[in-house]
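Asks:
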Amino acid sequence: MAITAIAYYAALLEGGIIPEAELETYGSDDSRLPMSGMATYTPGMEMSGGSLGQGLSIAVGMALGLRQKQSKAWVYNSMSDGELDEGSTWEAAMSAAHYGLSNLINLVDVNKQQADGDSRKILGFEPLQDKWAAFGWYVQRVDGNDLPAVMAAFDNAKSYSGNQPRVILCDTLMGKGCRSSKPAIKTILFASMPTNGKKRSRCWTLTNRKECCNEPESTPFKNVGDDRLDC
Numbered sequence: 001m002a003i004t005a006i007a008y009y010a011a012l013l014e015g016g017i018i019p020e021a022e023l024e025t026y027g028s029d030d031s032r033l034p035m036s037g038m039a040t041y042t043p044g045m046e047m048s049g050g051s052l053g054q055g056l057s058i059a060v061g062m063a064l065g066l067r068q069k070q071s072k073a074w075v076y077n078s079m080s081d082g083e084l085d086e087g088s089t090w091e092a093a094m095s096a097a098h099y100g101l102s103n104l105i106n107l108v109d110v111n112k113q114q115a116d117g118d119s120r121k122i123l124g125f126e127p128l129q130d131k132w133a134a135f136g137w138y139v140q141r142v143d144g145n146d147l148p149a150v151m152a153a154f155d156n157a158k159s160y161s162g163n164q165p166r167v168i169l170c171d172t173l174m175g176k177g178c179r180s181s182k183p184a185i186k187t188i189l190f191a192s193m194p195t196n197g198k199k200r201s202r203c204w205t206l207t208n209r210k211e212c213c214n215e216p217e218s219t220p221f222k223n224v225g226d227d228r229l230d231c
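Once you know that position 199 of the sequence shown is 199 in full-length UniProt numbering, the rest is easy, because the numbers rise by one and skip nothing.
1) Closer than 6 Å by C-beta to alanine 133: which residues in its own chain qualify, once you throw out the five before and the five after it? Chain order, please.
2) Go through its chain and collect everything with a Cβ distance to tyrosine 41's Cβ below 8 Å, but skip five positions before and after it.
3) Checking the sheet assignment: what are the DSSP bridge partners for isoleucine 105?
4) Please list, in chain order, all residues of the same chain as glutamate 20 whose beta carbon is under 8 Å from its beta carbon, the five residues on each side excluded.
5) What separation, rounded to the nearest whole angstrom, lies between the Cα atoms of tryptophan 74 and glycine 53?
6) Taking only three categories from DSSP, how would you classify aspartate 85?
7) I'd like the span of the alpha helix (DSSP H) that includes glutamine 129, first residue to last.
8) Under 8 Å: do the segment 64-84 and the segment 141-152 share three or more Cβ pairs, one atom per stretch?
9) Just list the residues that DSSP pairs glutamine 114 with in beta bridges.
10) Do methionine 79 and glycine 61 have their CB atoms nearer than 8 Å?
11) Please go through the same chain and pick out, in chain order, the residues whose beta-carbon is closer than 7 Å to the beta-carbon of asparagine 145, but skip the five residues on each side of it.
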């Protein structure tokens, strides 16, 4: 579990497994909550997700194992568009189609952002629908910020009768609904932990501010200097 680890940590909090105060250590040295969760010391983590691109390979193995056991369980894998840079991702995609893993649903967060900048400029990945279809997957593409649309895509993937793995491409805007004069804050919140206490506190509480709303979807993301944390 790599990029989605931060959501997993929220689930750990809701489940009473970690205290809320521990969230403040996210991404810090010696924290149990690194940006990419680690099976060796992150609570409840059964696999390590970094370096990126390993998740889909592990999901393929799990799907194969479940089928061998004649289990009707589904395997869900969540990954970022940045992981499309990794060759192992496409090896896994080929393997899943080759073995007809219809019990595998892969969710790709197409947010077009990596820690180093715009994913499309680092390594272009479009046309994604055509690529996944060419690899033998059943493909859907939805607005990832529209939860009902995402849930409907999952229902459709599970009801689809074809002998193919399923992929749901979710076009998302990070921090959608948040009005800020420094859009890059939304990227850096997930890429690193600011060291300045005041800046860190203000960034962590950004999403709880009442004025944090109604940002135009066309707002661009840009890489800027350290002043980007002046939120």
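Every residue, glycine too, gets a C-beta built ideally from N, C-alpha and C.
Replies: This is what the structure gives:
1) Translated into the one-based positions of the sequence shown, residue 133 becomes position 133. Contacts found: Val139.
2) Residue 41 sits at position 41 when you count from the first residue of the sequence shown. Same-chain partners within the cutoff: Arg32.
3) Locating residue 105 in the sequence shown gives position 105, where the first residue counts as 1. Answer is Tyr76, Arg166.
4) Along the sequence shown, read from residue 1 onward, the residue named residue 20 stands at position 20. Sequence-distant partners of glutamate 20 (beyond 5 residues in either direction) whose C-beta falls short of 8 Å from its own C-beta, in its chain, are Leu13.
5) Here the question's residue 74 lines up with position 74 in the sequence shown. Here the question's residue 53 lines up with position 53 in the sequence shown. Rounded to whole angstroms, the gap between the alpha carbons of tryptophan 74 and glycine 53 is 20 Å.
6) Stepping through the sequence shown from its first residue, residue 85 is reached at position 85. It is helical.
7) Along the sequence shown, read from residue 1 onward, the residue named residue 129 stands at position 129. Membership of glutamine 129 in the alpha helix (DSSP H) is indicated by the continuous run 128-134.
8) Too few Cβ pairs lie closer than 8 Å, so no.
9) By one-based count along the sequence shown, residue 114 stands at place 114. Glutamine 114 is bridged by DSSP to Gly117.
10) As a working mapping, residue 79 is identified with position 79 in the sequence shown. As a working mapping, residue 61 is identified with position 61 in the sequence shown. Inclusion of methionine 79 and glycine 61 in the CB contact set at 8 Å is not warranted, their separation being larger than that value.
11) Numbered from its first residue, the sequence shown carries residue 145 at position 145. Taken in chain order, the residues that qualify are Thr172, Leu173, Lys176.
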